[in-house]
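Novice:
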Amino acid sequence: MNSTKAVFFDRDGTLMEDAHYCGDPAKVEVYPGVPEALRKLKEAGFRTFVVTNQSGIGRGLITEAQYRAVQAELLRQIGKGLLDASYFCPDAPGVPSTRRKPEPGMLLEAAADFDIDLAGSYVIGDKSADIECGRRAGARTILVRTGYGVEQVCQPDFTADDVVQAVQLVLEGPGSGLYSETAR
């Protein structure tokens, strides 16, 4: 039986400013408080992952090498050891894919790779695709109001202003009353 709990984060608009098909590491701006929030999760025993659609690769707007350079800069700004792994899907919309969010393929891969209990885990993101991905994987979902989060129409389990508040919710538990719970 899987016993490890995890928090899966979208990247662009959730952990860092959305730079629209970011292929330039100089444009990476991690949101304030993200490294400390991740540190708190790690100290509490959670695994932490990035799961990100990168359709700019499939659309020919950025290369995989550019994605990897941006990801390396994100990891540098966040700090060593605060993310267990990153999963990305290069597929463009309309391409059949089991990994492109809202499909749960990347979460299922991470769950298999790291023995994750998805029912005891969370998905945090700024788009309805992130929320639906988490729902399909059986995880709890938190929509953050950064990036595209303000304009999304979806039904997350919880909402938070940013990753810092979302992590506080995870650490204090669903019954903490910190944020309004959205009916499924």
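Take 0 as the starting number for the sequence shown in numbering that gives the first Met the number 0 and just add one per residue. We put the CB at the ideal spot given by N, CA and C, even for glycine.
(1) Would DSSP call Phe113 helix, strand or coil?
(2) Sorted by chain position, which residues of the same chain lie with C-beta nearer than 7 Å to Gly146's C-beta, five sequence neighbours on each side aside?
(3) Which residue's Cα is closest to the Cα of Asp90: Glu150, Ala68 and Ser54?
(4) Under the assumption that Gly137 contacts Leu117 (Cβ atoms under 8 Å), give the Cβ distance between them as a whole number of angstroms.
(5) Would you mind reading off the limits of the alpha helix (DSSP H) that contains Ser54?
(6) Grouping DSSP H, G and I as helix and E and B as strand, with all else coil, what is Val166?
(7) Below 8 Å on the Cβ atoms is my guess for Pro155 versus Ile130; work out the distance and round it to an integer in Å.
(8) Going by DSSP, which residues form a beta bridge with Ala159?
(9) Quick test of your reading: Cys21 and Val27, contact by CB under 8 Å. State the CB separation rounded to the nearest angstrom.
(10) So, are the CB atoms of Leu128 and Ala36 less than 9 Å apart?
(11) Could you check whether Cys132 and Pro103 sit closer than 9 Å to each other, using their CB atoms as the reference points?
(12) Taking the alpha-carbon of Ala25 as reference, which of Tyr66, Val143, Arg38 and Glu171 has the nearest alpha-carbon?
Specialist: Per the coordinate set shown:
(1) Residue state, collapsed to three classes: helix.
(2) Around Gly146: Asp11, Gly12, Thr13, Asp17 and Asp125.
(3) Relative to the Cα of Asp90, the nearest Cα in the group Glu150, Ala68 and Ser54 belongs to Ser54.
(4) Correct: roughly 5 Å between the Cβ atoms.
(5) Following the DSSP letters along the chain, one finds Ser54 inside the alpha helix (DSSP H) bounded by residues Ser54 to Gly57.
(6) Helix, per DSSP.
(7) The pair is a contact, with the Cβ atoms about 5 Å apart (cut-off 8 Å).
(8) Assignment of beta-bridge partners to Ala159 by DSSP yields Val143.
(9) Right, their Cβ atoms sit about 7 Å apart.
(10) Residue identity check: residue 128 is Ala in the sequence provided, not Leu. No, the pair does not count as a contact, with Cβ atoms beyond the cut-off.
(11) The answer is yes: Cβ separation under 9 Å.
(12) With distances taken between CA atoms, Ala25 lies nearest to Tyr66 out of Tyr66, Val143, Arg38 and Glu171.
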